[in-house]
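These notes concern the structure reproduced below.
There are 2 protein chains.
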Amino acid sequence: MASDCALCRGDGGALVWRGERLRVIHAHEPHFPAFYRVVWNAHAAEFTDLAPHERAHCMQAVALVEQVLREQLTPAKINLAALGNVVPHLHWHVIARFDWDSHFPAPVWDAPRRAQDTARIAALAARQPLVHDDLCARLGAWAGAPSLR
Amino acid sequence: MASDCALCRGDGGALVWRGERLRVIHAHEPHFPAFYRVVWNAHAAEFTDLAPHERAHCMQAVALVEQVLREQLTPAKINLAALGNVVPHLHWHVIARFDWDSHFPAPVWDAPRRAQDTARIAALAARQPLVHDDLCARLGAWAGAPSLR
């Protein structure tokens, strides 16, 4: 644990599920209501700071989150990214993208392409409870244990 | 193979190494001379369109490229991303980032933070042959076969 690291000090968002080695949070990104992060619990900066079996475990969780978002929300595309330039504690962004979202097809970090569609954003946000229930159920079954939170 | 897909029709950049299931290319991003992509050879849009053993294989290659970039270039951070909003054919960006680069600590898709440091960019670009040799050697050893190109 690094005392000056935001992802060691806190969850980093609304906690959806916590396992022994990683957690899944819902990011506070109001323009993108289907923006999740898989955060490695221990402090590690780079993907290759993890042992091979830990990397495999991590990517199984990322794939599981992607699969739930695809099944629940039918997005135009899933975006996956581990950047960590500002907070160098391994976290995978898992973002469901839609052709109507403010930035599509640009990355969410690029400049917006169009105005926000507040009605569609609200409709997507309203589906969060279903997504979170499915994430908890599937992650729990995968880990062989319910959430630790 | 999808006839209208740029990553089915061509390599998508300067080919560094090709294996049976994936290839590694050096991206033509002049401001970021340590920008690579791991491209799945078969047409698949999403990470979870791959079978679990294929995802594991893919991420082993991504990790190997990351490891070579870290060892050869000692970057401030590695950035990994699979976006594919424009070209929905699975490709992983593997980018070595430096605290002096034009966008750091922002993502490369964000607005630049400072002018390009042409001398440092040139010095980094000059190391490409060493990086490519190491990538070919390590990927070949990992795959148990030399490059198919």
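In order, the protein sequence lines correspond to chains A and B. For the first sequence, counting from 1, position 106 maps to 90 in the numbering used here; every step adds exactly one. For the second sequence, counting from 1, position 5 maps to -11 in the numbering used here; every step adds exactly one. Just so you know, even glycine gets a beta-carbon here, dropped at the ideal spot from N, CA and C.
At a CB-CB cut-off below 9 Å, which residues of chain A make contact with residue i?
i               : result
glutamate 50(B) : Glu30, Phe31, Thr32
arginine 21(B)  : Within 9 Å Cβ-Cβ: nothing; arginine 21(B) doesn't reach chain A, min ~14 Å.
Which residues mark the beginning and the end of the beta strand (DSSP E) in which residue i is found?
i              : result
leucine 64(B)  : 61 to 66
alanine 80(B)  : 75 to 81
arginine 98(B) : Neither: arginine 98(B) is in no beta strand (DSSP E) and is coded neither H nor E.
Which term fits residue i, buried or exposed, when burial requires 16 or more other beta carbons within 10 angstroms of its beta carbon?
i                : result
asparagine 67(A) : Note that residue 67(A) is leucine in the sequence shown here, rather than asparagine. By the 10 Å Cβ count, leucine 67(A) comes out buried.
proline 113(A)   : exposed
methionine 43(B) : buried
alanine 109(A)   : exposed
histidine 37(A)  : exposed
alanine -4(B)    : First, the amino acid is wrong: residue -4(B) is glycine here, not alanine. It counts as buried.
threonine 32(B)  : buried
proline 14(B)    : exposed
arginine 39(B)   : buried
valine 92(B)     : buried
valine 34(B)     : It should be pointed out that residue 34(B) corresponds to leucine in this sequence rather than to valine. It is buried - the Cβ of leucine 34(B) has at least 16 other Cβ atoms within 10 Å.
I'd like the span of the alpha helix (DSSP H) that includes residue i, first residue to last.
i                : result
leucine -2(B)    : Here the sequence assigns alanine to residue -2(B), which means leucine is not the residue at that position. Alanine -2(B) -> not in any alpha helix (DSSP H); beta strand (DSSP E) instead, spanning -2 to 2.
histidine 15(A)  : Note, histidine 15(A): premise wrong, no alpha helix (DSSP H); not H, not E.
valine 8(A)      : Here valine 8(A) belongs to no alpha helix (DSSP H); instead the beta strand (DSSP E) covers 6 to 10.
valine 49(B)     : 36 to 57
leucine 132(B)   : Per DSSP, leucine 132(B) belongs to no alpha helix (DSSP H) and is neither H nor E.
alanine -10(A)   : -10 to -7
threonine 102(A) : 102 to 109
Assuming residue i and residue j make a contact with CB atoms under 8 Å, what is their CB distance in whole Å?
i               : j               : result
tyrosine 20(B)  : histidine 10(B) : 6 Å
serine 86(A)    : proline 72(A)   : Not quite, the Cβ-Cβ distance comes to about 28 Å (not below 8 Å), so this is no contact.
leucine 53(B)   : valine 115(B)   : 7 Å
arginine 111(B) : glutamine 56(B) : 7 Å
Just the chain A side, please: which residues come within less than 7 Å of residue i by C-beta, in chain order?
i              : result
arginine 39(B) : Met43, Ala47
glycine 68(B)  : Lys61
Return yes when the C-beta of residue i is under 6 Å from any heavy atom of the ligand GDP, and no when it is not.
i             : result
glycine -4(A) : Questions concerning the ligand GDP fall outside what the structure shown contains, since it holds no ligand whatsoever.
Just the chain A side, please: which residues come within less than 8 Å of residue i by C-beta, in chain order?
i                : result
aspartate 101(B) : Chain A residues near aspartate 101(B): none, gap ~17 Å exceeds 8 Å.
tryptophan 93(B) : Ala90, Pro91, Trp93, Asp94
List, in chain order, every chain B residue whose beta-carbon is nearer than 9 Å to that of residue i.
i              : result
alanine 65(A)  : Asn63, Leu64, Ala65, Ala66, Leu67, His77, Pro91
arginine 54(A) : Glu30, Thr32
At 7 Å on the CB atoms, spell out the chain B contacts of residue i, in chain order.
i              : result
proline 72(A)  : Lys61
arginine 81(A) : Asn69
arginine -7(A) : Neighbours of arginine -7(A) on chain B: none; closest Cβ ~19 Å, over 7 Å.
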